[in-house]
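Trainee:
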Amino acid sequence: MYNTETEEKRKHSSRIVPFSCYRCKLPDYFTSVPLHWHGEFELSIIQEGCIECICGDVKYLMREGDIVIVAPNVLHAMYPHGEFQRYDTVVFSPDMLGASENDRSAAECIRPIADGFCAIHVTPAHTYYNELKITADNIISCAIGNTARLDMLMKSELLRLFWLLENSGDIDCRAHSEVNRSEVIRPALEYIAENYGDNITIDKLAETVHLSKSYFMSRFRQAAGVSAVEYITQYRIRAACSVLTESSKTVSEISFECGFRNLSNFNRAFKRLMGCTPNEYRKKI
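Here our numbering runs 15 ahead of the position in the sequence shown, where the first position is 1.
1. Could you give the DSSP three-state label for Tyr143: helix, strand or coil?
2. Per DSSP, what kind of secondary structure is Asp103 in: helix, strand or coil?
3. May I have the straight-line CA-CA distance separating Pro42 from Ile61, to the nearest angstrom?
4. Using a Cβ-Cβ cutoff of less than 8 angstroms, which residues in the same chain neighbour Cys273 once the five nearest sequence positions on both sides are dropped?
5. Using 8 angstroms as the Cβ pair cut-off and three pairs as the minimum, do the region 235-247 and the region 46-58 touch?
6. Taking only runs of the beta strand (DSSP E) that begin and end inside the region 104-186, which ones reach a length of at least 3 residues, in chain order?
7. Here's the rule: buried if 16 or more other CB atoms are within 10 angstroms of the residue's CB, otherwise exposed. What is Thr162?
8. For Leu76 and Cys65, which I take to be in contact (beta-carbon distance under 8 angstroms), what is that distance rounded to the nearest angstrom?
9. Go through its chain and collect everything with a Cβ distance to Gly113's Cβ below 7 angstroms, but skip five positions before and after it.
10. Using the Cβ count rule (16 or more neighbours within 10 Å means buried), how would you classify Lys170?
11. Return helix, strand or coil for Ala92, following the three-state DSSP convention.
12. Taking only three categories from DSSP, how would you classify Val302?
13. Going by beta-carbon coordinates alone, are Val105 and Phe34 separated by less than 8 angstroms?
14. Could you check which residue in Glu295, Cys133 and Ile128 has the C-alpha nearest to that of Leu179?
15. In angstroms with no decimal places, state the Cα-to-Cα distance between Asp72 and Thr292.
16. Measuring alpha carbon to alpha carbon, tell me which of Ile135, Ser267, Ile300 and Ile155 ends up nearest Asp185.
Right under this line is the structure:
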């Protein structure tokens, strides 16, 4: 069972509104979206630019118009490829598909969906691309509109989306996906999420996944797209960004709280990743 205390902290859905919508710009808000996971499905459409998407063991180079659907609990990340990227994302609970119902479609088709794939990359070469793109755009529009009436339409469009994907063979509801090789580093990611404010060593991370230090570093870079040291730095800076916008704490306090023991190192890392100083970021956001 996954450790729910160390999954992504942001809550994307509630019982009343079982989805969230994000209009993302890289590098305006964050320079990247490091490897993470959550218990909801995720649908993203690239609106501008080019993004490298890591889902489990697979890497996609996504361009304008491409769509990616990520299953619950799958490790995934978004890294920029070029100067500017813009994409829309809806993160939604399986309940939006009627997964909690007891009819035959829920039992035989809906609930098995998450086991039928890890991630699906849809490009203009896809047989049903035009229909899938229209459906995905409608889902994004409904999520942005965010009303009870639009929720009804969004549910129907989500069902149509997965019907098209299942019909085209992208999802096999009768099969169970294999555990991908990147899963081996999940305990290390959970350890970082739980202890990012403390001193974290590569030796300790390797120990959490029962691998040698050198092999762990190789597997981590392969799965996450960056080194473990760089991932920790990115995680700490993202945490600092949240505190900067949600509190009145000083930069020095935030630096220490997020795992930096030297203010100069924090400022240098922040400027490298965010393109501005912590105080400039706080004013901008």
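All residues carry an ideal CB built from backbone N, CA and C; glycine is no exception.
Mentor: Well, looking at it:
1. Per DSSP, reduced to three states, the secondary structure at Tyr143 is coil, with no helix or strand assignment.
2. Annotated three-state conformation of Asp103 is strand, per DSSP.
3. Distance between the alpha carbons of Pro42 and Ile61: 14 angstroms.
4. Contacts found: Tyr211, Gly212, Arg251, Ile252, Ala254, Ala255, Val258 and Phe281.
5. yes
6. Counting only runs of 3 or more, we get 134-137.
7. Its Cβ having fewer than 16 others within 10 Å, Thr162 is exposed.
8. 7 angstroms
9. Ala121 and Ile125
10. buried
11. strand
12. Absent from the structure is residue 302, since the part of the chain shown begins at 16 and ends at 300.
13. Note that the C-beta distance between Val105 and Phe34 is below 8 angstroms.
14. Selected option, being the one with the closest Cα: Ile128.
15. 34 angstroms
16. Ile135
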